[in-house]
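Each residue of the sequence shown is one higher than the last, beginning at 59 in the numbering used here.
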Amino acid sequence: MQRSRKGGWFERASGWVFYALFNALSHARIPRNLLTVRLMTRRYVASLVAQPDREVYLPGLLAVTGFRQEPLSVCKHSREASTYTLGRKVSMMVDAIASFSNRPLIIVLLDDLPHNQGRSILGVRVAGPLSTLAQADKGRAEAANLVAGTTVRRRLVRRRIEGYGAPFTPLIDPSVDMEGTRHGRDVVVFQNAVVAAEAVLGEGSVVSMGAVVGHECVLGMDCFVSPNAVLNGRVCLGDGVFVGANAAVLPDVRVGAWATVGACSLVVCDVPDGTTVVGVPARAFTARPDDLLINQELRNSGKEALNFLIS
């Protein structure tokens with residue numbers, strides 16, 4: 059460790075604040091003025107590299123994984139100015155504190171179903187109906203839409219959440235490589251999904267466990283790709299498309315808005331708006347009049363759709 063921290067008053071003060079906050083909020087105690095000289099065995103380096111969050115903040119990760127550290131006082135020579143910009147320093151400090159903090163996020167569920175009120179689902183409390191969002195601190199609260207029954211219902215619930223002013227946050231499993239992709243705010247990507255390069259996930263879309271979204275695919279708003287479904291390269295889904303479990307859509311196919319692809323189906327050609335297709339190869343059912351009416355109302359994106367479906 060350095061006997062005293064080098065640099066100007068701001069660097070010394072910011073370093074002191076960072077170490078004080080980190081040690082106050084984390085079980086991993088980091089000594090102040092730490093240098094980056096470490097002797098590690100090959101075996102330990104291999105286990106460290108295997109950590110999925112190894113790039114968050116290395117000193118914290120070393121403390122959490124039990125790396126034995128002996129303090130050694132040294133006198134550090136002056137060096138050239140740091141290459142870290144102010145923004146990069148602040149970002150590193152925030153990431154480090156958030157990643158190793160022992161103060162957990164408060165997570166609650168909101169559900170309008172009366173029989174779920176007061177329950178705990180997988181250890182998470184149901185705090186009340188969706189209208190509870192009206193009381194949330196909009197500067198700190200974030201919302202995620204977990205409705206999965208139908209794409210129509212997902213759209214309606216998302217509109218209600220937007221009406222309460224709560225910002226959305228994406229829920230993306232950290233094991234999924236999203237490099238080179240784009241996605242909206244209210245998206246959910248489950249574990250073991252594959253989202254290939256240049257794919258676009260529209261607002262409110264869901265990619266389930268084991269599903270594959272091929273390169274350059276485009277998903278509209280509120281789409282749902284069920285477990286183990288495969289969208290091959292350059293597939294385009296309109297708004298509100300539901301793709302059933304284990305279904306496959308061949309490259310360059312366009313599936314129209316609010317269409318449904320049945321489970322285990324193979325789609326080899328374009329699907330019109332509002333159509334349900336099933337089978338191998340997938341064949342179309344004639345859409346029911348009430349389905350067409352609902353789809354038209356949703357495409358209008360007006361309040362009439364909400365009133366029509368709730369009444």
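Cβ atoms here follow ideal geometry from the backbone N, Cα and C, with glycine treated the same way. Just so it is clear, the structure is predicted and the values come from calculations on it, not from any experiment.
Exercise for the section: Take the Cβ of F282 as the centre, count every other Cβ of all protein chains shown within 10 Å, and call the residue buried at 16 or more, exposed below. Expected result: It counts as buried.
Problem - Among E237, M279 and E261, nearest to K225 - alpha-carbon criterion - result: The sequence as given places Pro at residue 225; Lys does not occur at that position. Of E237, M279 and E261, the residue nearest in Cα terms is E261.
Problem - Nearest-angstrom Cα separation, counted from V184 out to L168 - result: When the Cα atoms are used, L168 and V184 turn out to be separated by approximately 6 Å.
Practice task
Return the Cβ separation of D280 and R213 in integer angstroms, given the expectation that the two are a contact with Cβ distance under 8 Å.
Solution key: At roughly 5 Å, the Cβ-Cβ gap stays under 8 Å, so D280 and R213 are in contact.
Handout entry: Supposed close pair G320, P309 - CB separation, criterion 8 Å
Key = Under the criterion of beta carbons closer than 8 Å, G320 and P309 do not qualify as touching, at roughly 20 Å.
Practice task
Please report the residue range of the beta strand (DSSP E) in which G186 lies.
Solution key: Run containing G186: V182 to G186, per the beta strand (DSSP E) assignment.
Problem - Exposure label - T334; buried when at least 16 CB within 10 Å - result: Buried is the call here.
Handout entry: Cα-Cα separation, N365 to L188
Key = Reliability of the predicted coordinates at N365 is poor, the pLDDT of 44 falling under 50, and the value obtained from them is presented with this limitation in mind. Going from the Cα of N365 to the Cα of L188 covers about 17 Å.
Problem - Minimum C-alpha distance to S201 - residue among V246, H173, H241 and T208 - result: Note on residue identity: the sequence assigns Ala, not Ser, to residue 201. Out of V246, H173, H241 and T208, V246 has the C-alpha closest to the C-alpha of A201.
Practice task
Find the nearest neighbour of R312 within the set D328, G302, F76 and R240, judged by alpha-carbon distance.
Solution key: When only C-alpha atoms are compared, the closest one is D328.
Practice task
Flag this pair as yes or no: are the beta carbons of G278 and A315 separated by less than 8 Å?
Solution key: Against a cut-off of 8 Å, the Cβ pair of A315 and G278 comes out as a contact.
Problem - Whether V293 touches C275 by CB criterion (8 Å) - result: Contact flag set, yes.
Exercise for the section: Please classify G332: is it buried, with 16 or more other beta-carbons within 10 angstroms of its beta-carbon, or exposed? Expected result: With 16 or more other Cβ atoms from the protein chains shown falling within 10 Å of its own Cβ, G332 counts as buried.
Problem - Short Cβ contact (8 Å threshold) for V253 with M267 - result: Contact: no.
Practice task
Please confirm whether A192 and V264 have their CB atoms less than 8 Å apart.
Solution key: At least 8 Å separates the beta-carbon of A192 from that of V264.
Handout entry: R101, DSSP secondary structure in three states
Key = Of the three classes helix, strand and coil, the one that applies to R101 here is helix, per DSSP.
Practice task
Starting from the C-beta of P339, find all residues in its chain whose C-beta is less than 6 Å away, skip the five residues before and the five after it, and write them out in chain order.
Solution key: Closer than 6 Å at Cβ, skipping near neighbours: L324 and V326.
Problem - Buried versus exposed call for D170 [16 or more other C-beta atoms within 10 Å across all chains shown] - result: Flag for D170 reads exposed.
Practice task
Could you tell me whether the Cβ atoms of V301 and S284 are closer together than 8 Å?
Solution key: Yes, the Cβ-Cβ distance between V301 and S284 is below 8 Å.
Exercise for the section: Give a yes or no on whether the C-beta atoms belonging to R216 and D244 are separated by under 8 Å. Expected result: Cβ atoms of R216 and D244: closer than 8 Å.
Practice task
In the DSSP assignment, find the alpha helix (DSSP H) that holds V215 and state where it starts and stops.
Solution key: Element bounds for V215: T209 to G221.
Handout entry: Cα-Cα separation between G242 and A104, rounded to whole angstroms
Key = Going by the C-alpha atoms only, they are around 36 Å apart.
Handout entry: beta strand (DSSP E) segment containing T334, residue limits
Key = T334: member of the beta strand (DSSP E) spanning T334 to V336, first to last residue.
Practice task
Quick one: residues in its chain with C-beta nearer than 6 Å to the C-beta of V288, no 5 flanking neighbours on either side, listed in chain order?
Solution key: Exclusion of the five residues before and after V288 leaves V270 and A306 as the residues of its chain whose Cβ lies within less than 6 Å of its Cβ.
Handout entry: Boundaries (first-last residue) of the beta strand (DSSP E) holding F226
Key = Taken as a continuous stretch (DSSP letters only), F226 belongs to no beta strand (DSSP E), as it is neither H nor E.
Exercise for the section: Taking all protein chains shown into account, decide if G337 is buried (16 or more other Cβ within 10 angstroms of its Cβ) or exposed. Expected result: Exposed, since its Cβ has fewer than 16 Cβ neighbours within 10 Å.
Practice task
Answer yes or no: the CB of L324 versus the heavy atoms of the ligand ADP, is any distance below 7 Å?
Solution key: The model on display carries no ligand, and the ligand ADP is accordingly not part of it.
Exercise for the section: For N250, decide whether its Cβ has a neighbour in chain D, counting only Cβ atoms nearer than 8 Å. Expected result: You won't find chain D in this structure, because it holds only one protein chain.
Practice task
Please check the pair G238 and A255, which I expect to be a contact at CB under 8 Å, by giving their CB distance rounded to whole angstroms.
Solution key: Separation of the CB atoms of G238 and A255 is rounded to 4 Å, and the pair is thereby assigned contact status at 8 Å.
Practice task
Determine the direct distance from the alpha carbon of G223 to that of G197, and round the result to whole angstroms.
Solution key: Rounded to the nearest angstrom, the two C-alpha atoms are 10 Å apart.
Problem - Separation of V234 from T209, as counted between CA atoms - result: Approximately 23 Å, taken between the alpha carbons.
Practice task
Look at the alpha carbon of R112 and the alpha carbon of I230, and state the distance between them as a whole number of angstroms.
Solution key: In this prediction, R112 has a pLDDT of 49, which is less than 50 and means its spatial position is unreliable; what the coordinates show is noted afterwards. Approximately 18 Å between the Cα atoms of the pair.
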